[in-house]
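When the letters of the sequence shown are read in order and numbered with this note's numbering, they come out as residues 33 to 320. All C-beta atoms, glycine included, are put in the ideal place defined by N, C-alpha and C.
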Amino acid sequence: MPDVWENTRSRWESVRHAVDGGGPGAAVGAATLHGRLGLSVNPIAVTGEAGAGKSVLYDALTQSIRTGDGDSSRSPDIEKHATVLRSGSRRTRAAVTVIPGQLSTQRERALHDTMRGTASPQGIVHVVCWGHNRIWQRGAQRDVHDALAADGVVDQEAVRGWHLRKEAADFRLLVDAIIDGQLATRLRWLVVVVSKTDLFWDRLDEARDHYIPGPPGRESPFAALLRDLENETSLRLSVLPMASRLIRHQFLPGLPAGTSQLDDTQIGALRTHLGQELQTLITQRNED
């Protein structure tokens, strides 16, 4: 296994250890900067499938979520933010664009405006959730149910598998476009953020092995794509677990709900480590 993936697994495990062992808590990871977006530096795009938790991840990193806040909401529009990422005494300005996950005119426009030309991002935060995507619309929930029922099984694992197949197909489009030079020509780094890990913390090894490349021939389609990205580009790559807030997840109406296995302090530790990773990636880019 190449050192890059050994190091990636080691970093993942260090975060897990900090969470399980009461490591660093909810130190400041990022804070909103009020001002003109055009004055910001370090353009970053947040990508991923619908319902993966992109917007709530940004809110968590900017300390916009508090215990007891109401439920998150669907974000069909492009979100643009001027932000200061903080790690200890270090502060780095960033222009963050959250690209809608669902197929829509807004998403196509966001990809075109954000990923092409001289304004393309220098970093991408790609959000995944090990098949725990939220399906916002009742009609879409019925479509998934009917598609799975046609194969005879409608349970949590079947729904998760359905989302994982879509997730890999979506990531393939991004990876192919980056490798072919169609998108993000200024890209220097990409971090895969595995969100909602509080829902499957007891299966974290499985999630890790799904997303981080391992022995050739035994990788998931997603991990194989990440390996392609490492082989074909010079990008700095990272994969980290994350949970933005305590949630209760409903795979589909009628199926048992999943609940958080972590507490607020542990989620704060995850937030801290992701903030530090983003700061490191940006700092390394600026020092090249």
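- By the C-beta density criterion, P247 is exposed, having fewer than 16 other C-beta atoms within 10 angstroms.
- Partner residues in the beta bridge of K112, as assigned by DSSP, are T129.
- Note that the C-beta distance between L269 and F203 is not below 8 angstroms.
- Beta-bridge analysis with DSSP links S270 to V223.
- For H281, the uninterrupted beta strand (DSSP E) segment begins and ends at 280-282.
- Counting only the Cα atoms, T79 lies some 5 angstroms from H158.
- Bridge partners of A289 according to DSSP: Q282.
- For the 8 angstroms CB-CB criterion, F283 and V191 form a contact.
- Relative to the Cα of S292, the nearest Cα in the group G286, I279, G155 belongs to I279.
- Beyond the five residues adjoining it in sequence on each side, S252 comes within less than 6 angstroms, by CB distance, of H242 in the same chain, given in chain order.
- Taking T217 as reference, the option from L302, S266, L287 with the minimal CA-CA separation is S266.
- Under the three-state reduction of DSSP output, R277 falls in the coil class, being neither helix nor strand.
- Annotation for G155: the continuous beta strand (DSSP E) segment containing it runs 155-160.
- Ranking G163, W37, A127, W162 by CA distance to the CA of T146 puts A127 first.
- Exclusion of the five residues before and after Q188 leaves F283, L287, P288, G290 as the residues of its chain whose Cβ lies within less than 8 angstroms of its Cβ.
- When L272, H195, A77, E111 are compared, the shortest CA-CA separation from H49 is found for L272.
- Residue state for A200 is assigned as helix, using DSSP reduced to three classes.
- Proximity to E262 across V185, I210, G193 peaks at I210, based on C-alpha coordinates.
- For the pair of segments examined, the segment 75-94 was found not to touch the segment 229-245: the number of CB pairs separated by less than 8 angstroms stays below three.
- With respect to the 8 angstroms criterion, S152 and L196 are not classified as neighbours on the basis of their beta carbons.
- In the DSSP secondary-structure assignment, A77 is bridged to T129, I156.
- Where K86 is concerned, the enclosing alpha helix (DSSP H) starts and stops at 86-93.
- Here H164 carries a coil assignment [DSSP, helix/strand/coil].
- In the three-state reduction of the DSSP assignment, T297 falls in the helix class.
- Separation of T312 and L306 (C-alpha to C-alpha, rounded to the nearest whole angstrom) is 10 angstroms.
- If you look at P253, you'll find it in the alpha helix (DSSP H) that goes 253-264.
- When V185, V224, A181 are compared, the shortest CA-CA separation from A200 is found for V224.
- In terms of Cβ geometry, W162 and A239 form a close pair [threshold 8 angstroms].
- The beta-carbon distance between H177 and H281, rounded to whole angstroms, is 16 angstroms. This is too long to meet the 8 angstroms contact definition.
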